[in-house]
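J.: Below is one structure. I have some questions about it.
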Amino acid sequence: MNKVKSFAGGIHPLHAIGSGKGLTQSLPIEELPAPKRVYIPMVQHIGAPCAPCVAVGDHVARGQKVGEVRGFVSAPVHASVSGTVVSIAPHLTIGGNLVPCVVIENDGKEEWAPECALGERSPEEVDASAALAAVLEGGLVGMGGATFPTHVKLSPPKDKRIDYLLLNGAECEPYLTADHRMMLENCKKIIGGVQVIARILGNPQCIVGIEANKKDAIARMEQAAEGTGITIASMPVKYPQGSEKQLISVLTGRKVPSGKLPMDAGCVVVNVSSAAAVYDAVMLRRPLTERVVTVTGAVGQPRNLRVRIGTLVEELVAYCGGLKGEVDRVVSGGPMMGMALFDLAVPVTKGTSGVLALTREQTSPGKLTNCIRCGRCLKGCPMHLMPFELCNDVEKNDWKAAEKHNVLDCVECGSCTYVCPAKRAITSSIRIAKRQVMALRKKK
Ligand code: SF4
Ligand code: SF4
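Start counting the sequence shown at 91; every next residue gets the next number (the working numbering).
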């Protein structure tokens with residue numbers, strides 16, 4: 091095991107909200123029974139939406155494609171149960187948008203599509219191009235929440251040499267433990283996925299970065315990686331350790347220049363659960379139809395659940411004993427980067443890592459005051475931005491100044507908002523500025 095140093099900036103979000111990981115980190119992954127209906131959104135990724143390729147009344151098998159890609163930056167979607175398509179219509183999704191969904195009535199037969207039932211592939215069958223094709227067909231996206239299509243990430247231009255494949259096992263968001271449990275319970279599959287991805291990328295050096303507070307996962311992953319040449323690195327506990335640019339800096343010492351991508355620093359970063367999904371899709375011929383979700387916070391019984399894509403969040407919450415106490419907000423993801431839900435009747439997608447119920451006490455923003463120029467936001471920003479200046483730019487609607495202050499480098503980690511004693515909604519303001527600057531760039 092390698093021990094590495096931390097990155098500059100960042101925070102330890104433990105004092106006010108607690109890490110919350112103790113609620114679920116020792117609980118084995120449980121299978122949530124498949125629901126009676128699943129709602130499969132045509133948008134579960136960054137990029138072009140899918141187009142439905144089934145019709146109402148069709149019988150579909152699990153793993154059958156129900157949404158086809160309409161562009162390179164996209165990922166197909168598949169049925170997560172066998173049954174009958176009962177509707178194709180817009181449905182509310184986690185982001186608060188109405189998105190076309192293929193709704194399937196589960197027949198309970200658990201019948202897999204013929205192409206998914208051909209058994210395991212042998213390693214000789216899977217050269218780099220066959221593996222990449224299977225990644226695309228499997229509908230894989232970044233499962234840490236970014237949802238960038240994996241086949242695009244694994245297809246760098248020919249002039250970009252990839253020296254490092256970095257596996258993100260940081261799971262630095264408070265409360266979430268789905269990746270931790272995946273590393274404990276599916277370590278061999280993750281290592282198998284790393285080997286497949288490494289083959290696609292021309293065998294770069296592979297490093298799995300895990301935060302030092304997951305000692306059991308480090309030990310399990312080291313055992314699984316023995317003899318493979320894959321390094322397991324123990325990283326200091328700090329937020330946002332799992333952000334791509336911070337992970338690259340910590341594990342390789344390289345810097346991703348402003349406005350550039352990890353591949354510009356010779357790196358590809360993949361989440362550990364995504365690596366397991368790559369193994370499923372490439373070696374076991376199983377597309378992405380389920381994922382592990384941490385359901386936690388103010389619920390009857392917090393759990394880590396293996397959930398079919400398209401299951402409504404309200405069903406996960408009900409299985410975990412419902413909401414408990416004075417719940418103010420239910421969030422998809424963790425408390426730092428998660429998204430508040432308007433409605434719990436929204437389907438779990440490929441990027442849903444957690445469902446967190448927060449009480450009124452936890453969400454109370456405190457009294458808003460003027461900026462006192464304390465500089466805490468500056469010190470905590472892992473991207474070395476000036477959050478208070480960006481806030482001022484937003485107040486003045488000065489998008490040119492925001493661009494000059496590198497607003498697009500913001501990774502929306504929420505560290506500035508978390509540390510601000512004036513309780514300013516800095517990250518929300520910055521999100522607005524990013525949208526405005528992007529819109530202005532498109533107009534040029
Ligand atoms: S400015 Fe952006 S990157 Fe910096 S701390 Fe705030 S949210 Fe994080
Ligand atoms: S942390 Fe808040 S009060 Fe302090 S400088 Fe930043 S915006 Fe101002």
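Built from N, CA and C at the ideal position, the CB exists for glycine as well.
Starting from residue 325, follow the beta strand (DSSP E) in both directions and report where the run begins and ends.
T.: Residues 321 to 325.
J.: Just to confirm, does residue 492 get its C-beta within under 8 Å of one of the non-hydrogen atoms of ligand 2?
T.: Result no, Cβ not under 8 Å from ligand 2.
J.: What span of residues does the alpha helix (DSSP H) with residue 287 cover, start to end?
T.: It spans 277 to 290 - the alpha helix (DSSP H) in which residue 287 sits, taken as one unbroken run.
J.: Which full runs of the beta strand (DSSP E) of 3+ residues lie inside the segment 166 to 244, going along the chain?
T.: Listed in chain order, they are 173 to 182, 188 to 196.
J.: For residue 407 versus residue 394, is the C-beta distance shorter than 9 Å?
T.: Result no, Cβ atoms of residue 407 and residue 394 do not sit closer than 9 Å.
J.: Check each candidate in 470, 387, 238, 419 and name the one with the smallest Cα separation from residue 454.
T.: Nearest C-alpha to residue 454: 419.
J.: Where do the N-terminal and C-terminal ends of the alpha helix (DSSP H) with residue 466 fall, by residue?
T.: Start and end: 466 to 470.
J.: Please classify residue 464 as buried or exposed, where buried requires at least 16 other C-beta atoms within 10 Å of its C-beta.
T.: Under this definition residue 464 is an exposed residue.
J.: Starting from residue 429, follow its DSSP beta bridges and name the residues at the other end.
T.: Paired residue(s): 422.
J.: Using DSSP with H/G/I as helix, E/B as strand and the rest coil, what is residue 526?
T.: Correct three-state label for residue 526: helix.
J.: Ligand 2 and residue 478: does the residue's C-beta get closer than 8 Å to at least one heavy atom of that ligand?
T.: Under cutoff, so the answer is yes.
J.: Would you tell me roughly how many angstroms separate the C-alpha atoms of residue 93 and residue 192, rounded to the nearest one?
T.: Each residue's alpha carbon lies about 46 Å from the other.
J.: Does the segment 340 to 354 touch the segment 129 to 142, meaning 3 or more C-beta pairs lie closer than 8 Å?
T.: With a cut-off of 8 Å, the segment 340 to 354 and the segment 129 to 142 do not count as touching, because too few Cβ pairs lie within range.
J.: The beta strand (DSSP E) spanning residue 296 covers which residue range?
T.: Taken as a continuous stretch (DSSP letters only), the beta strand (DSSP E) holding residue 296 covers 295 to 301.
J.: Just to confirm the assignment: which complete beta strand (DSSP E) runs, minimum length 3, are found wholly within the segment 318 to 370?
T.: You should have 321 to 325, 357 to 361.
J.: Could you tell me whether the segment 408 to 427 touches the segment 347 to 360, using the rule of 3 or more Cβ pairs below 8 Å?
T.: The answer is no - the segment 347 to 360 does not touch the segment 408 to 427, with fewer than three Cβ pairs under 8 Å.
J.: Bridge partners for residue 486 per DSSP, in chain order?
T.: Residue 486 is not bridged to any residue.
J.: Pick out whichever of 431, 522, 285, 146 has its Cα sitting closest to the Cα of residue 360.
T.: Comparing Cα positions, the closest option is 285.
J.: Taking its Cβ as the centre, do 16 or more other Cβ atoms sit within 10 Å of residue 318, making it buried, or is it exposed?
T.: Under this definition residue 318 is an exposed residue.
J.: Leaving aside the five residues before and after residue 428 along the sequence, list all residues of the same chain whose C-beta is less than 8 Å from its C-beta, in chain order.
T.: Only 263, 421, 422, 444, 446 meet the Cβ criterion.
J.: Drop a sphere of 10 angstroms on the beta-carbon of residue 516, count the other beta-carbons inside from all chains shown, and report buried for 16 or more, exposed for fewer.
T.: Looking at its Cβ environment, which holds 16 or more other Cβ atoms inside 10 Å, residue 516 is buried.
J.: Where residue 106 and residue 338 are concerned, what is the direct C-alpha to C-alpha distance, given to the nearest angstrom?
T.: Residue confidence is low: residue 106 scores 46 on pLDDT, short of 50, so the model does not pin down where it sits. No coordinate-derived value is stated.
J.: Measuring from the CB of residue 378, is there a heavy atom of ligand 2 at a distance below 8 Å?
T.: Flag unset: Cβ of residue 378 not near ligand 2.
J.: Looking only at DSSP bridge pairs, what is residue 396 linked to?
T.: Answer is 121, 382.
J.: Which partner residues of residue 449 appear in the DSSP bridge assignment?
T.: DSSP lists 417 as partners of residue 449.
J.: For residue 197 and residue 451, what's the separation of their Cα atoms in angstroms?
T.: Roughly 43 Å separates the two Cα atoms.
J.: Given this structure, state the Cα-to-Cα distance separating residue 247 from residue 391, to the nearest angstrom.
T.: Distance between the alpha carbons of residue 247 and residue 391: 47 Å.
J.: What do you reckon, are the CB atoms on residue 336 and residue 147 nearer than 9 Å?
T.: No. Outside cutoff.
J.: On a Cα-Cα basis, can you pick out the residue from 508, 362, 182 that is closest to residue 433?
T.: It is 182 whose Cα lies nearest to the Cα of residue 433.
J.: Which of helix, strand or coil does DSSP assign to residue 105?
T.: Here the model assigns residue 105 a pLDDT of 48, short of 50, so the residue's position is not dependable and the matter cannot be decided.
J.: Based on the DSSP output, what are the partners of residue 79 in its beta bridges?
T.: Residue coverage of the chain in this structure runs from 91 to 534, which leaves residue 79 outside it and unanswerable.
J.: Where do the ends of the alpha helix (DSSP H) carrying residue 406 lie?
T.: Residue 406 -> alpha helix (DSSP H) spans 403 to 409.
J.: May I have the straight-line CA-CA distance separating residue 162 from residue 457, to the nearest angstrom?
T.: Their Cα atoms are separated by approximately 47 Å.
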